[in-house]
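Each remark here refers to the structure printed beneath this line.
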Amino acid sequence: DTGVSQNPRHKITKRGQNVTFRCDPISEHNRLYWYRQTLGQGPEFLTYFQNEAQLEKSRLLSDRFSAERPKGSFSTLEIQRTEQGDSAMYLCASSRVPGGVSTEAFFGQGTRLTVV
Amino acid sequence: GIQVEQSPPDLILQEGANSTLRCNFSDSVNNLQWFHQNPWGQLINLFYIPSGTKQNGRLSATTVATERYSLLYISSSQTTDSGVYFCAVELGGQNFVFGPGTRLSVLP
Numbered sequence: 008d009t010g011v012s013q014n015p016r017h018k019i020t021k022r023g024q025n026v027t028f029r030c031d032p033i034s035e036h037n038r039l040y041w042y043r044q045t046l047g048q049g050p051e052f053l054t055y056f057q058n059e060a061q062l063e064k065s066r067l068l069s070d071r072f073s074a075e076r077p078k079g080s081f082s083t084l085e086i087q088r089t090e091q092g093d094s095a096m097y098l099c100a101s102s103r104v105p106g107g108v109s110t111e112a113f114f115g116q117g118t119r120l121t122v123v
Numbered sequence: 016g017i018q019v020e021q022s023p024p025d026l027i028l029q030e031g032a033n034s035t036l037r038c039n040f041s042d043s044v045n046n047l048q049w050f051h052q053n054p055w056g057q058l059i060n061l062f063y064i065p066s067g068t069k070q071n072g073r074l075s076a077t078t079v080a081t082e083r084y085s086l087l088y089i090s091s092s093q094t095t096d097s098g099v100y101f102c103a104v105e106l107g108g109q110n111f112v113f114g115p116g117t118r119l120s121v122l123p
């Protein structure tokens, strides 16, 4: 395992459709983050997991967004009823958190979503 | 929440020049990282530097945690250094907060 893997790399969908993205973290990392990045901006935090527990989800953009990490390994981010404003790069990161203090985080290549 | 500022927002250099990028943050942090975002959008780790000084080739970074800033130095810049540089800070073992980035263009 050489890094964080995200699939698909690109997704084009019609407005109103649901989409799901997958993130496979570095295998020994117990912390997993999702971020969104729009053009010209820095990444914006969405949610994160410690093992299978979702510790923060209040920053998810609306109730159309949800994330899971059912077995504490890979994670999925779902967007229901997509809107054009959801078009962005969705980034996943992972880190190891021994004793509550995060170590270095590594990002995947991202999934670029285009809603038409 | 914690605020992260980066300066300058844009920087244009001639190949071979040196530069300093700055990151200011509004609160004490547990971690700080510098990233380079390539044209395909991938965030490449440059430094994990909550405090102190590190060097990696032509790049070096210094974080003065007590004064709430970090500096990224690029020496003898190359065209491949072009892109957006982000600093990100973590407070309290939670999520990383990113600054707005510095867009660097290195001209041949």
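So the sequences go chain by chain: G and D. Under my numbering, the letters of the first sequence match residues 8 to 123, in that order. Under my numbering, the letters of the second sequence match residues 16 to 123, in that order. No residue lacks a Cβ here, since even glycine has one placed at the ideal position from N, Cα and C. Computed from a predicted structure; not experimentally measured.
Margin query: 8 Å is my cut-off, CB to CB: does residue 116/G come that close to chain D?
Written below: Counting from 1 along the first sequence, the entry for residue 116/G is found at position 109. By this cut-off, residue 116/G is an interface position.
Check: Using 8 Å as the Cβ pair cut-off and three pairs as the minimum, do the stretch 22-30 of chain D and the stretch 46-65 of chain D touch?
Finding: No, the stretch 22-30 of chain D does not touch the stretch 46-65 of chain D.
Next item on the list: Please report how far the alpha carbon of residue 21/G lies from the alpha carbon of residue 76/G, in whole angstroms.
Entry: Stepping through the first sequence from its first residue, residue 21/G is reached at position 14. Stepping through the first sequence from its first residue, residue 76/G is reached at position 69. If you draw a straight line from the Cα of residue 21/G to the Cα of residue 76/G, it is about 26 Å long.
Notebook entry, point to check: Sorted by chain position, which residues of the same chain lie with C-beta nearer than 8 Å to residue 16/D's C-beta, five sequence neighbours on each side aside?
Noted result: As a first step, residue 16/D is located in the second sequence; it is residue number 1 there, counting from the start. Excluding the 5 residues flanking it on each side, residue 16/D has same chain C-beta neighbours closer than 8 Å at 112, in chain order.
Item checked: Same chain, Cβ closer than 6 Å to residue 72/G, five either side skipped, listed in chain order -> Taking the first residue of the first sequence as position 1, residue 72/G is located at position 65. Counting only Cβ-Cβ distances below 6 Å, and skipping sequence neighbours, we find 86.
Checklist line | Simplified DSSP assignment, three categories, for residue 177/D | finding: Chain D is shown only over 16 to 123; residue 177/D falls outside these bounds and no answer can be derived.
Next item on the list: Evaluate residue 17/G with the Cβ neighbour count: other Cβ atoms within 10 Å of its Cβ, from every protein chain shown; 16 or more gives buried, anything less gives exposed.
Entry: Start at 1 with the first residue of the first sequence, and residue 17/G comes out as number 10. It is exposed - the Cβ of residue 17/G has fewer than 16 other Cβ atoms within 10 Å.
Margin query: For a test of the three-state rule: what should DSSP assign to residue 128/D, helix, strand or coil?
Written below: Beyond the ends of chain D as shown, which are 16 and 123, falls residue 128/D; an answer cannot be given.
Item checked: Rounded C-alpha distance that separates residue 40/G from residue 110/D -> Residue numbering aside, residue 40/G sits at position 33 when the first sequence is read from its first letter. Residue numbering aside, residue 110/D sits at position 95 when the second sequence is read from its first letter. Using only the alpha carbons, I get a separation of about 8 Å.
Notebook entry, point to check: For the beta strand (DSSP E) that contains residue 83/G, what are its first and last residues?
Noted result: Your numbering for residue 83/G matches position 76 in the first sequence. Counting along the chain, the unbroken beta strand (DSSP E) around residue 83/G starts and ends at 82-86.
Note to self: Taking the straight line between their C-alpha atoms, what separation do you get for residue 81/G and residue 10/G?
What the structure shows: By 1-based counting over the first sequence, the position of residue 81/G is 74. By 1-based counting over the first sequence, the position of residue 10/G is 3. Cα to Cα, the separation comes out at about 13 Å.
Note to self: Within 8 Å, do at least three Cβ pairs link the stretch 109-119 of chain G to the stretch 92-101 of chain D?
What the structure shows: The stretch 92-101 of chain D makes no contact with the stretch 109-119 of chain G, as fewer than three CB pairs between them are under 8 Å.
Checklist line | Contacts that residue 49/G makes with chain D (C-beta to C-beta distance below 7 Å) | finding: Counting from one through the first sequence, the residue named residue 49/G turns up at place 42. Taking a Cβ-Cβ threshold of 7 Å, the residues of chain D close to residue 49/G are 101, 113, 114, 115, 116, in chain order.
Item checked: Cβ pair residue 74/D, residue 89/D closer than 8 Å -> Working through the second sequence from its first residue, we reach residue 74/D at position 59. Working through the second sequence from its first residue, we reach residue 89/D at position 74. For residue 74/D and residue 89/D, yes; Cβs fall inside 8 Å.
Check: Taking Cβ-Cβ distances shorter than 8 Å, what residues in chain D pair up with residue 119/G?
Finding: For the purposes of this step, residue 119/G is identified with residue 112 of the first sequence, where counting begins at 1. The answer, in chain order, is 56.
Next item on the list: Assign residue 77/D to one of three DSSP states: helix, strand, or coil.
Entry: As a working note, residue 77/D is residue 62 in the second sequence. When secondary structure is reduced to three states using DSSP, residue 77/D falls in the strand class.
Notebook entry, point to check: Do we get a CB-CB distance below 8 Å when we pair residue 84/D with the residues of chain G?
Noted result: Taking the second sequence and counting its residues from 1, one reaches residue 84/D at position 69. Residue 84/D does not count as touching chain G.
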